[in-house]
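Before any comments, here is the structure.
Protein chains: 2
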Amino acid sequence: MARTTGSDGEKTEAAVREAAVNLIARYGYEAMSMRQLAAEVGVQAAALYRYFPTKGDLLFTLMREHMEGLREAWENARPADADPAEQLAAYVRNHIAFHIERRHATHVSNMELRSLSPDRLTQILRMRTAYEKDLRAILRDGAEAGVFSVEDTGLTAMALIQMMTGVIVWFRPGERLSVTEVTATYLSMTMRLVGAKIGGTEEKHVHEHAQLRA
Amino acid sequence: MARTTGSDGEKTEAAVREAAVNLIARYGYEAMSMRQLAAEVGVQAAALYRYFPTKGDLLFTLMREHMEGLREAWENARPADADPAEQLAAYVRNHIAFHIERRHATHVSNMELRSLSPDRLTQILRMRTAYEKDLRAILRDGAEAGVFSVEDTGLTAMALIQMMTGVIVWFRPGERLSVTEVTATYLSMTMRLVGAKIGGTEEKHVHEHAQLRA
DNA sequence: AATATAATAAAACGAACGTTCAATTAATTC
DNA sequence: GAATTAATTGAACGTTCGTTTTATTATATT
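Chains as they are written, first to last, in numbering that gives the first Met the number 0: chain L, 0 to 213; chain D, 0 to 213.
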């Protein structure tokens, strides 16, 4: 046999991407074989090489596009003129929504960094750093304006990122909590963690503020 | 050649364990070959099988002993009679100290769960759940006593664990911050996150409390 | 000194790996 | 409807994998 009836390059490539994200997230990049991936798509292994020159290229493509998607989502969600608390809330909401929506792709981007070649690793890390830089800026602005009380901007940013991204480890859609509920709770935890004060008032207002916009 | 001068089973086994933790942490379990591991130890691949029947057994042994070590460390660090804030502080201190001390082993235990057989995965997850259960209990006690204000005990516990364990991702000994400084900052972030109040006073006291014992 | 045992090397096993190549068929273009 | 292009198969390549077997040597025991 050769070309099959109804075969379509675009559809096959999309199927390969989706199957690859799922398989790598479940078994890991090294553990997934090209034959296994091909079988999942319903195609022979050789056919994969029409779309991705090597297994490594496939991984890098998936990661790069995931990072680009994250950047893009944040640029769209970012409020133009807003106080630091408002901006932080937007950052948290976008981060959690994006990561829950693309759980498997996030897993791949976080777990398979070591399977990238050095220069590709650098590229991905650069994108990640750029994204995290905005969070640090928000925290710094808030600290300088006196609405946040953070001891160490960089450390707090890392702690928040780890905390938020960690959602994908345990969150399963359709279980005890909805995305909205999870986001609301994380938002209020975030606001307390950075010691957010709205108009010089105490903690209770942070709760209300957070839940208002979740 | 065969047995080499100065060869010693105990030393070789210890060298295998240490090299395995480092290699798996750096390259991943699937990516590390038995020949690579043997070369790191300075031995032929066949010699490894005197100590571990299969590659999978090696991984499981490393993980199980890491989890047992974590449990043991916490049992020793746990304060006998203490209020929830005191207990939470002890939990955070122990968790961060243990994970920074055993960065590579923690990486293995967190990243290579998918390489375990189903029943072994269950065993490791059971140990992890048992450890995390104590944190949930502390949070619940604090919430009931009115010294913490947490909306969802389970969710808060997960957020805290992710936040604390995340330290190993970016922390490098001998860089900008010392272990003591990092622990102090994480402690105060934790206390703020759970809305800790000491004797009904406000947030500022939480800071002092946290930094006092870091 | 002889014997037993512990620790390793060296070589080999079949299986699976990523990848390439030539052949073949479906869809498109002219 | 003939020629071209797109999509895929099936078979094969050399390499590496985890593991086993057998032989060999160092150490411990008697």
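From the three backbone atoms N, C-alpha and C, an ideal C-beta is built for every residue, glycine too.
Judged by beta-carbon spacing, Val149 (chain L) lies within the 8 Å limit of Thr155 (chain L), meaning their Cβ atoms are closer than that value.
Boundaries of the alpha helix (DSSP H) harbouring Met33 (chain L): 33-40, taken from the DSSP string.
For Gln43 (chain L), there is no enclosing alpha helix (DSSP H), as DSSP gives it neither H nor E. Going by beta carbons, Ala144 (chain L) and Pro83 (chain L) fall inside the 8 Å limit. Annotation: Val40 (chain L) to Leu115 (chain D) spans about 25 Å, alpha carbon to alpha carbon.
Lys132 (chain D) counts as exposed, since fewer than 16 other C-beta atoms from the protein chains shown sit within 10 angstroms of its C-beta.
The DSSP assignment places complete alpha helix (DSSP H) segments of no fewer than 4 residues inside the stretch 125-166 of chain L at 152-164, in order along the chain. For the pair of segments examined, the stretch 185-193 of chain D was found to touch the stretch 183-196 of chain L: the number of CB pairs separated by less than 8 Å reaches three. Separation of Asp118 (chain D) and Leu112 (chain D) (C-alpha to C-alpha, rounded to the nearest whole angstrom) is 11 Å.
Residue burial is scored here from C-beta neighbours: Val91 (chain L) has at least 16 other C-beta atoms within 10 angstroms and is therefore classed as buried. For Tyr26 (chain L), the enclosing alpha helix (DSSP H) begins and ends at 8-26.
For Thr184 (chain D), the residues of chain L that pass the 7 Å Cβ criterion are Glu150, Asp151, Leu154, in the order they occur in the chain. Distance from the CA of Arg77 (chain L) to the CA of Gln86 (chain L), rounded to the nearest whole angstrom, comes to 7 Å. Interface annotation, Gly165 (chain D): in contact with chain L, CB-CB separation under 8 Å. Within the stretch 92-124 of chain L, those residues whose Cβ lies closer than 8 Å to any Cβ of chain D are, in chain order, Met110, Arg113, Ser114. Under the three-state reduction of DSSP output, Pro83 (chain D) falls in the helix class. Ala183 (chain D) and Lys54 (chain L) have their C-alpha atoms some 44 Å from each other.
At the C-beta level, Met31 (chain L) and His94 (chain L) stay beyond 8 Å of one another. For the C-beta of Val168 (chain D), the chain L residues within less than 8 Å are, from N- to C-terminus, Met157, Gln161.
Relative to the Cα of Val20 (chain L), the nearest Cα in the group L:Ala44, L:Leu57, L:Asp7, L:Thr3 belongs to L:Leu57. Below the 9 Å Cβ cutoff, chain L contributes Glu29, Arg113, Ser114 as neighbours of Tyr26 (chain D), in chain order. DSSP places Tyr50 (chain D) in the coil class of the three-state scheme, outside both helix and strand. Taken through DSSP and simplified to helix, strand or coil, Leu120 (chain L) comes out as helix.
In this structure, Leu36 (chain D) sits away from Ala104 (chain D), with a CB-CB distance that is not shorter than 8 Å. Listed along chain D, the residues sitting closer than 8 Å to Leu192 (chain L) by beta-carbon distance are Met188, Arg191, Leu192.
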